[in-house]
Amino acid sequence: MDSKNTIDELELLIRSKRTIIYVVSQEENRVISALEQMCSKADTNWDVIKWDIVKGLHSSFPEFLPAKDSDKELDQSEVLNWFENLTVPKNKFCLLILKDFSKYFGSANYKGQVEHRIIRHIKNLSVEFCVENKAIIILSSALELPQDLEKIIPVIDFPLPTKDEINIKITELLYKASKRQDLNEKFKTSYNDEELDIIINSFRGLTSTECEQVCTYCMIKHPMLLPEAISQQKRDIIRKSGLLDWIDDKIDMNDVGGLEALKHWLDKRREAFSQEAVDYGLPSNPKGILLVGIQGAGKSLFAKAISSFWNFPLLRLDMGKVFSGLVGSSEQNMRQVFKIAESVAPCILWCDEIDKGMSGSKGSSISDSGTTSRVLGSWLTWMQDRKAPVFVVATANDVSNLPPELLRKGRFDEIFFVDLPKFQERKKIFKIHLEKRSRNPYDFKLDTLSELTETFTGAEIEAAIEASLYEAFSDKKRDITNEDIIISIQNLVPISKLMKEEISALRKWANERARNASTIDISSGKIDAEEEL
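Using the working numbering, the first residue of the sequence shown is number 29, and each one after it goes up by one.
Here it is in structure tokens:
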């Protein structure tokens with residue numbers, strides 16, 4: 029939904045006697061400007077009054093304001109009393125915008141007499157204003173709504189600028205820059221359609237103000253609008269949310285040993301996000317995949333590789349950051365995650381170890397007052413209903429902690445089981461890690477090493493190579509030999525032995541409920557990864 033549709037929805041709510049509305053946005057000025065435009069239309073002609081705790085009452089329509097400036101300086105309780113007693117003629121309508129007013133509802137942990145009075149007053153006004161020509165907009169950067177008001181006040185999320193809105197903004201800034209001789213001489217202000225499309229896409233996910241600031245930054249520092257420079261600024265801004273990390277690791281798909289079935293599946297969906305795919309009859313956007321498997325088998329590495337393979341930005345979600353200490357803030361954090369991910373779409377949202385974040389949802393009502401259960405509900409609803417091209421890659425080690433609702437069809441496009449690497453896969457993993465450390469893999473007996481590591485994960489093979497490097501470096505900095513690696517292998521106890529029972533149970537579960545990431549299904553049967561390699 030773009031800003032115009034959001035404003036139309038808000039106007040519809042007001043006309044249908046929803047007299048108090050909560051608008052969530054980081055762009056205060058943009059929202060107020062849009063509201064003022066809505067109110068100034070010929071068929072509305074409504075008056076807008078704004079209030080904040082510092083400036084008090086202020087408006088471009090002074091008709092209803094107190095004459096004295098001192099009378100405009102009202103606190104959070106006084107402004108409600110003033111607006112309640114304000115008489116608005118029948119041929120008029122007055123909209124009061126309360127900035128940051130949610131701060132005066134108190135926290136879930138503490139509400140004093142003043143906070144309880146404000147909440148009660150809001151409930152009273154929501155009824156009284158139904159027969160008066162008045163309405164209130166609570167404008168805040170975060171959703172902080174008391175439980176007493178949840179059923180009374182509708183919530184509107186004001187969207188970030190769409191691609192078309194960003195295009196208008198950037199084109200306007202470039203036009204202004206072209207009229208300045210000092211800028212026009214050193215900065216490129218004209219771009220063809222293809223160049224401009226790439227540039228506009230790199231701005232997605234930013235507020236209108238941030239777009240202007242980043243564009244101005246590029247005008248000062250660079251000779252042109254460089255998508256990589258814009259992306260760098262955007263990464264810094266997104267990191268400020270504290271909920272998502274922008275991952276820059278350029279992991280090539282060739283850096284992942286084996287998992288040919290998973291690679292094959294992703295290759296088939298490489299163009300699935302295009303309009304051509306939708307016209308063909310495919311779903312508008314693939315939902316995502318769940319990678320279940322043994323620790324160190326390469327699930328996280330593969331999530332990073334998808335980003336490079338599809339050339340999509342990668343956002344990592346740390347579920348631990350979502351569950352903060354304040355009741356109600358976890359749900360708000362999830363809303364913010366969805367909002368950011370959709371704003372930078374198309375992108376990949378990587379939820380690492382989702383089993384740890386969603387564990388305990390069954391007993392959530394007892395252990396954490398239902399927080400985990402509500403967060404899970406938000407996650408499931410978003411995964412089912414989202415329209416933006418956000419491809420979810422979730423990884424899990426312990427499926428027993430995953431709620432069954434998350435595993436049913438429709439949440440993910442597919443569930444893949446990542447097992448211990450097979451012989452040829454281990455051979456390729458040895459080759460990758462030796463080449464990464466500037467060693468010729470054919471100087472080593474890869475067949476022998478692969479046979480000795482039958483129960484090893486990819487991470488453990490890498491650890492064995494690193495251990496042999498340390499050993500050779502401490503021994504007069506000589507080069508490593510095949511024997512060094514063999515000794516390191518013999519000294520390492522693999523996780524498959526430490527967690528034998530757990531892995532056996534995981535394999536049994538995956539045999540009936542997940543696709544093997546190393547086996548390709550074709551019409552004539554199954555091809556094992558070893559045959560492919």
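A virtual CB, placed ideally from N, CA and C, is assigned to each residue, including glycine.
Computed from a prediction, not measured in an experiment: that's the story for all the values here.
- By the Cβ neighbour-count rule, A163 is buried, with 16 or more other Cβ atoms within 10 Å of its own.
- By the criterion of at least three beta-carbon pairs nearer than 8 Å, the segment 213-227 is in contact with the segment 249-266.
- A Cβ-Cβ contact shorter than 8 Å links C246 with I258.
- With contacts defined by Cβ atoms closer than 8 Å, G316 and V420 form a contacting pair.
- The three-state secondary structure of F440, taken from DSSP, is strand.
- With fewer than 16 other CB atoms across the displayed protein chains lying within 10 angstroms of its CB, L526 is exposed.
- Per DSSP, N119 has no beta-bridge partner at all.
- Counting along the chain, no alpha helix (DSSP H) covers I77; the unbroken beta strand (DSSP E) around it starts and ends at D75 to D80.
- By a beta-carbon distance limit of 8 Å, K197 contacts E240. Their separation comes to about 7 Å.
- Closest in alpha carbon position to V52, among V82, V116 and I125, is I125.
- Looking at the DSSP output, I165 bridges to I49 and I125.
- Rounded to whole angstroms, the gap between the alpha carbons of Q141 and D185 is 30 Å.
- If you draw a straight line from the Cα of I42 to the Cα of S357, it is about 28 Å long.
- In this chain, F419 is not harboured by any alpha helix (DSSP H); it is covered by the beta strand (DSSP E) spanning V418 to A424.
- Within 10 angstroms of the beta-carbon of A95 lie fewer than 16 other beta-carbons, which makes it exposed.
- In this structure, G324 lies near A487, with their beta-carbon atoms less than 8 Å apart.
- Residue range G84 to H86 is occupied by the beta strand (DSSP E) that includes H86.
- Secondary structure note for R344: its beta strand (DSSP E) is the uninterrupted segment L342 to L345.
- Segment contact: the segment 281-300 against the segment 437-454, three or more CB-CB distances shorter than 8 Å; contact assigned.
- Contact annotation, A545 with L290: C-beta distance approximately 4 Å; criterion of less than 8 Å satisfied.
- F445 carries a strand assignment under DSSP once its states are collapsed to helix, strand and coil.
- Proximity to F340 across K464, L319, D277 and E359 peaks at D277, based on C-alpha coordinates.
- Look at the beta carbons and you see the segment 161-175 not touching the segment 197-207: under three pairs across the two are nearer than 8 Å.
- Membership of V183 in the beta strand (DSSP E) is indicated by the continuous run V183 to D185.
- Straight-line measurement puts the Cα of P174 at about 11 Å from the Cα of Y138.
- For L462, the secondary structure class from DSSP, reduced to helix, strand or coil, is helix.
- I443 is a Cβ neighbour of L318, given a cutoff of 8 Å.
- Apart from sequence neighbours up to five positions away, the residues of its chain that approach K100 with a beta-carbon distance below 6 Å are G84, L85 and P94, ordered along the chain.
- DSSP, reduced to helix, strand and coil, places D273 within a strand of the structure shown.
- Within the segment 242-329, the runs of beta strand (DSSP E) at least 3 residues long that lie entirely inside it are, in chain order, 272-275 and 316-321.
- The alpha-carbon separation between N519 and I489 amounts to approximately 12 Å.
- Put simply, the backbone Cα of G348 is about 40 Å away from that of E222.
- In this structure, the alpha-carbon of D380 lies about 18 Å from that of R363.
- Between P469 and F484, the C-beta spacing is not below 8 Å.
- Setting aside the 5 residues that flank it on each side, E433 is surrounded in the same chain by L404, L408 and R439, each with a C-beta closer than 8 Å to its C-beta; the list follows chain order.
- At the C-beta level, F157 and T47 come within 8 Å of one another.
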